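Below is one structure; the comments refer to it alone.
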Amino acid sequence: KQEVTQIPAALSVPEGENLVLNCSFTDSAIYNLQWFRQDPGKGLTSLLLIQSSQREQTSGRLNASLDKSSGRSTLYIAASQPGDSATYLCAVRSENSGGSNYKLTFGKGTLLTVNP
Amino acid sequence: EADIYQTPRYLVIGTGKKITLECSQTMGHDKMYWYQQDPGMELHLIHYSYGVNSTEKGDLSSESTVSRIRTEHFPLTLESARPSHTSQYLCASSAGISRGLTTFGSGTRLTVV
Chain A
1 KQEVTQIPAA LSVPEGENLV LNCSFTDSAI YNLQWFRQDP GKGLTSLLLI
51 QSSQREQTSG RLNASLDKSS GRSTLYIAAS QPGDSATYLC AVRSENSGGS
101 NYKLTFGKGT LLTVNP
Chain B
1 EADIYQTPRY LVIGTGKKIT LECSQTMGHD KMYWYQQDPG MELHLIHYSY
51 GVNSTEKGDL SSESTVSRIR TEHFPLTLES ARPSHTSQYL CASSAGISRG
101 LTTFGSGTRL TVV
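Chains A and B, in that order, are what the protein sequence lines are. Here the first sequence stands for residues 1 to 116, where the numbers follow this note's numbering. Here the second sequence stands for residues 1 to 113, where the numbers follow this note's numbering.
As structure tokens, then:
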């Protein structure tokens, strides 16, 4: 059974810092990995999708990397801003889920606070 | 711009009432999902569908039921709401390929009093 772990659980940084959020997964047989952002009481906003054949994806100040063989992904946020404050979730779509191989397995998230 | 819509956004209802949470998507996605999330906690899959007339229970047991009569519509129903059903319910969809993006709605925050 796929398990996804995110470290740290919470992170507080001053504005302008570059930061890295970590995600690890136990079964490397994945189709893709997706990073989401969730604001308090809201739904999930997709940030980046990395296919299993890719090493990284970039969108603006965000860069996500994937090392499938070691079961790890990182989300790099450059020049953080107070508006980046949210919970960041990592989710994987696994190959070995029997008939349910389209669903996502989520980590518990990293709560990021960027202080002005 | 949202392509998957959930209504209502917030719902406060009394114990014993029947409720239906609506979810619709305009992307033509075959796969649709319902997740439940308690405040500050992780998401748990409670139902999913791979297409019309296909529904399956997810990883977390739920007293709710779902239906998929049309591709774009995936409503969730609670026949008799209880305070233990108080939670946020998130609907999602993805394309019928393993490499596709999963898109989430804004969620319905349900409070049963």
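Glycine residues also receive a C-beta, built at the ideal position from the N, C-alpha and C atoms. It should be emphasised that the depicted structure is a prediction, and the values quoted were computed from it without experimental measurement.
If you draw a straight line from the Cα of residue 6 (chain B) to the Cα of residue 48 (chain B), it comes to about 16 Å.
Of A:24, A:9 and A:10, the smallest CA-CA separation from residue 3 (chain A) is found for A:24. Residue environment analysis places residue 80 (chain B) among the exposed positions, since fewer than 16 neighbouring C-beta atoms fall within 10 angstroms of its C-beta. The CB of residue 101 (chain B) comes closer than 9 Å to the CB of 32, 34, 46 and 49 in chain A, given here in chain order. Spatial neighbours of residue 72 (chain A) in its own chain (CB-CB distance under 6 Å, excluding positions within 5 residues in sequence) are listed in chain order as 24. Annotation for residue 28 (chain A): 68, 69 and 71 place their beta carbon closer than 7 Å to its own, counting only its chain and skipping 5 residues before and after.
Boundaries for residue 29 (chain B): no beta strand (DSSP E) harbours it, and the DSSP string shows neither H nor E there. Cβ-Cβ distances below 7 Å link residue 52 (chain A) to 30, 31, 32 and 68 in the same chain, with the five nearest sequence neighbours on each side left out; the list follows chain order. For the options B:87, B:95 and B:26, the alpha carbon positioned closest to that of residue 35 (chain B) is the one of B:87. In this structure residue 93 (chain B) is buried. Its beta-carbon is surrounded by 16 or more other beta-carbon atoms within 10 angstroms. In terms of CA proximity to residue 100 (chain B), A:93 leads the group A:106, A:93 and A:8.
For residue 46 (chain A), the beta-bridge partners assigned by DSSP are A:36.
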